[in-house]
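Under the numbering used here, the first residue of the sequence shown carries the number 97, and numbering increases by one thereafter.
The beta carbon of each residue, even a glycine, is placed where N, CA and C say it ideally should be.
These numbers come from a predicted model, not from an experiment.
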Amino acid sequence: MCLKACIGYPGDVVVAKATFKSPVVGTILFTQLKSNSYSDVSIFVNLAYGKSSTTATHGHNWHIHAYPIRTETDDDANRCWSTGAHWNPFNINISDSSYTRNCRPDNPFACEIGDLTGKQTTLSVVPDVGKIQAKYFFTDLTSWVNGTESMIGRSVVIHGAGGAPSRMACMCGSAA
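Here you go:
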């Protein structure tokens with residue numbers, strides 16, 4: 097990978113990569129400076145449906161969940177349930193009604209660390225890999241790839257369209 101040279105990082109980087117295989121295919125890359133676990137995390141998303149006959153869907157929430165995928169695969173009826181709740185190491189109170197009002201892209205420190213929808217936006221999934229509508233680039237100020245208790249080994253979960261809570265696809269983030 098040419099992340100340092102191509103993007104211009106000022107040092108060596110750590111990359112966590114989640115590769116999705118079904119029903120969504122593609123990758124999400126999380127990149128951070130190796131020398132500074134407080135540096136921004138760059139997130140590159142490139143996702144599509146594995147079948148070109150599938151209609152594009154929008155409004156998918158996406159999160160980093162607390163645990164890796166355990167016994168099930170992406171095709172099981174109870175898809176992704178072993179991943180647990182969102183990654184929330186600082187125990188942000190999500191049951192408080194102010195959470196949905198305060199957790200937003202211009203206020204990421206009010207969000208759970210794993211609430212990528214709240215800190216960024218929802219995702220669209222299109223039928224063809226590489227379509228511009230399904231590519232995203234974000235900067236995350238609050239999560240970390242490097243160091244203890246990082247996102248490596250946790251799962252990235254993509255939820256159903258239109259904000260549905262169902263878990264459509266998940267994959268563990270591993271060091272790339």
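Same chain only: Cβ atoms within 6 angstroms of residue i, ignoring 5 sequence neighbours per side
| i | result |
| --- | --- |
| A206 | N198, C199 |
| A181 | A162 |
Residue i: CB within 8 angstroms of a non-hydrogen atom of the ligand SAM
| i | result |
| --- | --- |
| A271 | Inclusion of the ligand SAM in the displayed structure is not the case, the ligand content being empty and no account of it being possible. |
Residue from the options whose Cα sits closest to the Cα of residue i
| i | options | result |
| --- | --- | --- |
| S191 | A112, E208, T153, S246 | E208 |
| G269 | D108, P164, V221 | P164 |
| Y232 | F126, Y105, V109, S118 | F126 |
| F186 | L129, T150, A162, K117 | A162 |
| A257 | F140, A152, S138 | A152 |
| T213 | G249, P204, N157 | N157 |
| I240 | V221, Y105, S138 | Note that residue 240 corresponds to Trp in the displayed sequence, not to Ile. Cα-wise, what sits closest to W240 is S138. |
| T235 | W177, P201, R166 | P201 |
As assigned by DSSP and simplified to three states, the class of residue i
| i | result |
| --- | --- |
| Y134 | coil |
| T115 | strand |
| A144 | strand |
| Y232 | strand |
| S193 | coil |
| L212 | helix |
| A152 | coil |
| Y105 | coil |
| A260 | coil |
| L99 | Residue confidence is low: L99 scores 46 on pLDDT, short of 50, so the model does not pin down where it sits. No coordinate-derived value is stated. |
Beta-ladder partner(s) of residue i, from DSSP
| i | result |
| --- | --- |
| H161 | H182, S251 |
| A271 | A112 |
| G122 | F116, L143 |
Contact belief for residue i with residue j at Cβ below 8 angstroms, rounded distance in angstroms
| i | j | result |
| --- | --- | --- |
| N142 | T123 | 6 angstroms |
| K215 | T238 | 7 angstroms |
| S131 | G155 | About 37 angstroms; that fails the 8 angstroms criterion. |
| A112 | M247 | 6 angstroms |
| S133 | G243 | 4 angstroms |
Spatial neighbours of residue i in its chain, beta-carbon cut-off 7 angstroms, leaving aside the 5 residues before and after
| i | result |
| --- | --- |
| A265 | F116, P119, V120, D170, I254 |
| P261 | H255 |
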